[in-house]
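So for the sequence shown, the numbering used here puts the first residue at 47; every next one is plus one.
Okay, structure first, notes after.
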Amino acid sequence: MENIMKKLDYQPANLSDYELENPLSTMVDFLDNNDLHHIREKAWQLYKGWVNNSVRFTEGDENADMLYFYTQLIEFINAAFIYTEKRKLEIQPSKG
């Protein structure tokens, strides 16, 4: 955990102590409070806005990097959704 905290210290983070120890709770809250299709649509709108506003000052490599970042972000969101849904099923008490 110490190495994780060292990496985190170099990045802006506003996670509580609980969230640092239980990051799944943050992912669950985010995904429970935002429908998956809305998350994807909002990410697309952010990307579109960036493209529209940066067309005059960015070059090909930067545009390609942003598109790749957007693609990876959507993949990450999809994977986080699958992971959190699986974890919720694992931790729910079995009905029987």
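Even glycine gets a Cβ: it sits at the ideal position worked out from N, Cα and C.
As the structure is a prediction and not an experimental result, all values here were calculated from the model.
Boundaries of the alpha helix (DSSP H) in which residue i is found, first to last residue
i	result
L61	Counting along the chain, L61 falls outside any alpha helix (DSSP H), and DSSP gives it neither H nor E.
F127	106-137
R86	82-100
N68	Unbroken run through N68: none, as it is neither H nor E.
M51	48-55
Under 8 Å between C-beta atoms of residue i and residue j
i	j	result
Y114	Y93	no
G133	L66	One detail in the question is off: residue 133 reads as Arg in this sequence, not Gly. For R133 and L66, no; Cβs fall outside 8 Å.
M90	M112	The displayed chain sequence assigns Trp, not Met, to residue 90. For W90 and M112, no; Cβs fall outside 8 Å.
I123	R86	yes
F127	L77	yes
Alpha-carbon to alpha-carbon, residue j and residue i
i	j	result
V74	Y64	14 Å
I120	N79	17 Å
G106	N98	14 Å
L54	T130	22 Å
H84	F103	29 Å
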